[in-house]
Amino acid sequence: MMVLAASGLYKREPLVSVARKKQRPITRSMSKASLEQFCERVLENQSWQETLRRIPDRTAFLASVVQLGMEQGCVFTGEEVQGVMQANHRAWIERFVC
Amino acid sequence: MLSPAQLDGFIPIRVYWPQSRPMIDWCFLGAERFTDSFFDQTIGRCLRLPFNHLFRPQTPVETLLARAAGYPGLSPTGFIFHMSRCGSTLVSQMLAALSENIVISEAGPIDAMMRACYRTKDIEPAEQISWIRAIVSALAQPNHGGQKRLFIKFDCINTLSLPLIRQAFPETPWIFLYRNPVEVLVSQFRQRGGLLLPGALEPALLGLEVSVLGQLTMNEYCAALLGKICEAGLDHFHGETGLLVDYRQLPDVVESSIAAHFGLCYSPEEIERMRQVTPLHAKNPHFQFTGDSETKQREATAEVHRLVERWLAGPCARLEARRRSQDEATGRIGPQPKLD
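As they're listed, the protein sequences go chains A and B.
Residue numbering for the first sequence follows the working numbering, beginning at 3 and increasing consecutively.
Residue numbering for the second sequence follows the working numbering, beginning at 793 and increasing consecutively.
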């Protein structure tokens, strides 16, 4: 390895930038995919569905969804969840629009 | 992708067309019963739950078909067609009073599949019929113990597609409800049904030339469309599976002639449960029902009478004549229409 580094074929990176790459920020597309993945998992899990259906309060529901998502390794925000809910609601309201 | 089994408890609430094939929007119904006057009201109640705003499976029509094949719903017991504002909601509410019945009232997904041929021109009739059967099956899933009958009240404009429904469900008995056209038109002019507005329906469905449609006023269009609906109810009527019912025979006819036509015989207890809804306004059950035929006759303007004469008097007179001969032929003499 040291021979390769000296020859210039391998460029060793500073440890700090390697560490930062491992903690790269969650982009919007990543969290959207994460939320979609989470929703699919919930639809495959009756127990989670029953738990979430028992929550009538929207704020509590959002918090529970984000928490359950984190526990499953799916990272997204309450605002992103709310965005999906608003989009679905709009689809229902506009169902007569061609 | 979700499997058909994972849709247990979910029902289709919307059909949409991102491209040439329909997609289905599902919502969790759970143990809710369709006791509201209209399908959309029951869905509105379900959508109060935050869960139903986030977890809404979106599937292709193929998943709907697979669901119908693997998890068939109840076969329909009876269909209700009507010319609008003629007591059809009373009939459906009386039937919904019995917990053994699933009553689907003017469901958008059914209407969407019935008019699918206008969305995608290259669909084969057999495929559209499979879609109609599958959407009915998905809505007909028993979610309470003892549910054994399914009734569907269609939107008035679906009468124009009666032959298609007869192909999809040839054995299912159906009724066509009608009322004095002056009273129906007055009701529509007070509050127009959305699908009776010009442009809401595909012109081909009306069987009227586009050039003729373009010259009609909004009120003329409404009267012409209702006339077409009455003609459709009459043209496709035959005594074996169809029954014509006059508004004035309600509500008693529900527990007698309509029950017999649907192959049912209600117990005294069931009749009593159905009668309990009759004092209530069928569309607004928080209010008491009061007869309004006389009021509507007085309210009718010269324009209403002219439009009835032009578009509705003929078909309605033929409906009434046919109904009388039907009742005489089957021995179903009573109940007779109450005199106003």
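Glycine included, C-beta positions come from ideal geometry on N, C-alpha and C.
Distance, residue j Cα to residue i Cα
i: residue 813 (chain B); j: residue 924 (chain B); result: 14 Å
i: residue 994 (chain B); j: residue 958 (chain B); result: 21 Å
i: residue 849 (chain B); j: residue 816 (chain B); result: 8 Å
i: residue 1001 (chain B); j: residue 1007 (chain B); result: 10 Å
i: residue 799 (chain B); j: residue 818 (chain B); result: 8 Å
i: residue 869 (chain B); j: residue 63 (chain A); result: 40 Å
i: residue 773 (chain B); j: residue 69 (chain A); result: Because chain B in this structure spans residues 793 to 1132, residue 773 (chain B) falls outside the shown range and cannot be described.
i: residue 44 (chain A); j: residue 841 (chain B); result: 16 Å
i: residue 1052 (chain B); j: residue 832 (chain B); result: 29 Å
i: residue 95 (chain A); j: residue 885 (chain B); result: 25 Å
i: residue 97 (chain A); j: residue 1122 (chain B); result: 43 Å
i: residue 1073 (chain B); j: residue 829 (chain B); result: 10 Å
i: residue 937 (chain B); j: residue 846 (chain B); result: 28 Å
i: residue 862 (chain B); j: residue 796 (chain B); result: 8 Å
i: residue 1044 (chain B); j: residue 794 (chain B); result: 46 Å
i: residue 854 (chain B); j: residue 46 (chain A); result: 19 Å
i: residue 914 (chain B); j: residue 88 (chain A); result: 34 Å
i: residue 820 (chain B); j: residue 33 (chain A); result: 25 Å
i: residue 1026 (chain B); j: residue 878 (chain B); result: 16 Å
i: residue 931 (chain B); j: residue 84 (chain A); result: 28 Å
i: residue 1067 (chain B); j: residue 1081 (chain B); result: 13 Å
i: residue 897 (chain B); j: residue 834 (chain B); result: 10 Å
i: residue 900 (chain B); j: residue 991 (chain B); result: 17 Å
i: residue 1091 (chain B); j: residue 978 (chain B); result: 7 Å
i: residue 888 (chain B); j: residue 874 (chain B); result: 17 Å
i: residue 939 (chain B); j: residue 1099 (chain B); result: 44 Å
i: residue 983 (chain B); j: residue 35 (chain A); result: 45 Å
Nearest candidate by alpha-carbon position, reference residue i, set the options
i: residue 822 (chain B); options: B:1052, B:801, B:807; result: B:801
i: residue 961 (chain B); options: B:840, B:1122, B:1034; result: B:1034
i: residue 892 (chain B); options: B:918, B:1030, B:941; result: B:941
i: residue 74 (chain A); options: A:29, A:42, A:31; result: A:42
i: residue 956 (chain B); options: B:988, B:835, B:945, B:921; result: B:921
i: residue 1020 (chain B); options: B:1095, B:1102, B:1070; result: B:1102
i: residue 1042 (chain B); options: B:1093, B:1070, B:948; result: B:1070
i: residue 71 (chain A); options: A:37, A:46, A:84, A:31; result: A:37
i: residue 895 (chain B); options: B:872, B:904, B:907; result: B:872
i: residue 807 (chain B); options: B:905, B:1087, B:930, B:835; result: B:905
i: residue 967 (chain B); options: B:1024, B:864, B:939; result: B:1024
i: residue 935 (chain B); options: B:1018, B:1003, B:865; result: B:865
i: residue 1054 (chain B); options: B:1040, B:1039, B:1031, B:1075; result: B:1031
i: residue 1040 (chain B); options: B:964, B:1085, B:1081; result: B:1085
i: residue 852 (chain B); options: B:943, B:927, B:836; result: B:927
i: residue 1057 (chain B); options: B:860, B:890, B:908, B:953; result: B:890
i: residue 1107 (chain B); options: B:1077, B:1048, B:1016; result: B:1016
i: residue 876 (chain B); options: B:902, B:826, B:909, B:948; result: B:948
i: residue 856 (chain B); options: B:933, B:1110, B:1094; result: B:933
i: residue 971 (chain B); options: B:825, B:1064, B:1018; result: B:1018
Three-state secondary structure assigned by DSSP to residue i
i: residue 1013 (chain B); result: helix
i: residue 1117 (chain B); result: helix
i: residue 869 (chain B); result: strand
i: residue 47 (chain A); result: coil
i: residue 743 (chain B); result: The question about residue 743 (chain B) has no answer here: the residues shown for chain B are numbered 793 through 1132.
i: residue 13 (chain A); result: With a pLDDT of 45 at residue 13 (chain A), under the threshold of 50, the modelled position of that residue is not reliable, and no figure is offered here.
i: residue 24 (chain A); result: Annotation note: pLDDT 48 at residue 24 (chain A) (below 50); position unreliable, no value reported.
i: residue 901 (chain B); result: helix
i: residue 1093 (chain B); result: coil
i: residue 894 (chain B); result: strand
i: residue 1103 (chain B); result: helix
i: residue 831 (chain B); result: helix
i: residue 804 (chain B); result: strand
Start-to-end residues for the alpha helix (DSSP H) that takes in residue i
i: residue 995 (chain B); result: 995-998
i: residue 72 (chain A); result: 60-73
i: residue 95 (chain A); result: 80-95
i: residue 1005 (chain B); result: 1002-1005
i: residue 886 (chain B); result: 880-888
Continuous beta strand (DSSP E) stretch holding residue i: start and end
i: residue 848 (chain B); result: Careful: residue 848 (chain B) lies outside any beta strand (DSSP E) and carries neither H nor E.
i: residue 809 (chain B); result: No beta strand (DSSP E) holds residue 809 (chain B); DSSP gives it neither H nor E.
i: residue 815 (chain B); result: 815-820
Proximity test, residue i beta-carbon vs the ligand ZN heavy atom, cut-off 8 Å
i: residue 73 (chain A); result: With respect to small molecules bound, the structure shown includes none, and the ligand ZN cannot be examined in it.
Length at least 3, wholly inside the segment 1014-1089 of chain B: the beta strand (DSSP E) runs in chain order
1034-1038
Which parts of the segment 901-977 of chain B are runs of the beta strand (DSSP E), unbroken and 3 residues or longer, counting only runs that do not cross its ends?
941-945, 966-970
Listed in chain order, which residues of the segment 836-864 of chain B have Cβ atoms closer than 7 Å to some Cβ of chain D?
Reference to chain D is not applicable here, since the protein chains of this structure are A and B.
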